[in-house]
Amino acid sequence: MDTETAKPSAIVQGPIKWFDPIKGFGFLADSAGGADVLIHANVLRNFGQSSVAEGAMVEVRAMTTARGRQATQVLSIEPPPSQGQAPIADLAVLPPHELGELPLLPARVKWFDKAKGFGFANVFGQRGDVFLHIEVLRHGGFADLAPGEAVGLRMVPGPRGPIAAQILAWDRAVARAEGGFTEGGNGSAGGVPPSTQGNGQPGGCGNGRLTSAELRNLHLVPQATLSAAARAVVA
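The UniProt record's numbering numbers the first residue of the sequence shown as 1 and each following residue consecutively.
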């Protein structure tokens, strides 16, 4: 970035036009009508995600340089609108409030193939793989996942094994641990649903903070897979 010609930063919000994890960048369309904003993968990773879905509503801090507008910090990401529909048929019978009552579990991506539309993750402290579907991924605001990426999962039994019903960047759970941060609070896919009860069982304390059981899970995540902000919390 050319700092000599850069103008002071401004807050910009708008939907993602496209983001290519392989190229390492994408663009946000300014809802206020300004020029598109370049979002680099490194800036996105600092927020705790390796990708972002097309149509996701993103708020960034952006600077205007000789090469155009560039995001310097991602402030928030809201998943694309889902019209209240389940991402896949296997989750159609799961009411939103029941999704919010499922425990949030730390996991690491084993592999994900965007072309095939699926992949697998491993929950820390548990054996076996959890199936990840690309539509569930998009409902969480992701476009892709990298091997080893730390995520938070809410999962349900499937015909062939556990299925991820919701996929979140684990740093979003860290933000809740820091100060009661929520994104939606209604238990729907894309928002951060109510937490579990203090005993670690599904419930819904509704205070927006992680329970002691979920905080213990957080410390299971290898710090190398988390952003600097997340590492500061678990240190």
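Glycine included, C-beta positions come from ideal geometry on N, C-alpha and C.
Tell me which same chain residues have a C-beta within less than 6 Å of the C-beta of residue i, skipping the five on either side of it?
i	result
Lys7	Thr64
Val156	Ile163 and Ala165
Arg69	Ala35, Val37 and Ala62
His40	Phe25
Helix, strand or coil, according to DSSP, for residue i in the structure here?
i	result
Gly141	coil
Glu54	coil
Ile134	helix
Glu78	strand
Leu38	strand
Leu99	helix
Ile22	coil
Ala146	coil
Ile32	The question names Ile, but residue 32 in the sequence shown is Ala. The answer is coil: DSSP assigns Ala32 none of H, G, I, E or B.
Gln13	strand
Gln126	coil
Arg67	coil
With respect to the beta strand (DSSP E) encompassing residue i, which residues constitute its N-terminal and C-terminal limits?
i	result
Ala41	Segment Ala41 to Phe47 is the alpha helix (DSSP H) holding Ala41; no beta strand (DSSP E) there.
Leu105	Leu105 to Asp113
Arg154	Ala150 to Gly158
Lys7	Neither: Lys7 is in no beta strand (DSSP E) and is coded neither H nor E.
Pro162	Gly161 to Ala169
Phe118	Phe118 to Val123
Looking only at its own chain, which residues have a Cβ that is under 7 Å from the Cβ of residue i, when we skip the five neighbours before and after it?
i	result
Phe120	Lys110, Trp111, Asp129, Val130, Phe131 and Leu132
Ser9	Arg61, Ala62, Met63 and Thr72
Phe118	Phe131, Leu132, His133 and Ile134
Thinking just about the alpha-carbon of each residue, which of the options is nearest to the one in residue i?
i	options	result
Lys17	Val37, Lys23 and Ala107	Val37
Ser76	Glu98, Leu104, Ala10 and Arg61	Arg61
His139	Glu101, Pro106, Glu78 and Glu98	Glu78
Val43	Pro81, Gly148, Phe25 and Gln13	Phe25
Ala66	Ser31, Asp30, Gly161 and Ala35	Ala35
Phe142	Gly55, Ala32, Gly161 and Gly14	Gly55
Met57	Gln13, Pro106 and Arg160	Gln13
Val123	Arg108, Gly158, Lys116 and Ala29	Arg108
Asp30	Gly161, Phe19, Pro15 and His40	Pro15
Ala53	Asn46, Ala32, Gly33 and Leu28	Leu28
Ile167	Pro159, Gly152, Arg160 and Val74	Gly152
Asn46	Val74, Pro147 and Ala32	Val74
Gly161	Pro147, Gly148, Pro103 and Arg127	Arg127
Ala150	Ala32, Leu105 and Lys116	Leu105
By Cβ distance, which residues of its chain are closer than 8 Å to residue i, with the 5 residues on each side in sequence left out?
i	result
Asp144	Pro21, Ser50, Ser51, Phe112, Lys114 and Leu137
Looking at the C-beta of residue i, does it have a partner C-beta in chain E at a distance below 8 Å?
i	result
Val123	Going by chain labels, chain E is absent from the structure shown, which holds only one protein chain.
Does at least one heavy atom of the ligand ZN sit under 7 Å from the Cβ of residue i?
i	result
Ser9	You won't find the ligand ZN in this model; it holds no ligand whatsoever.
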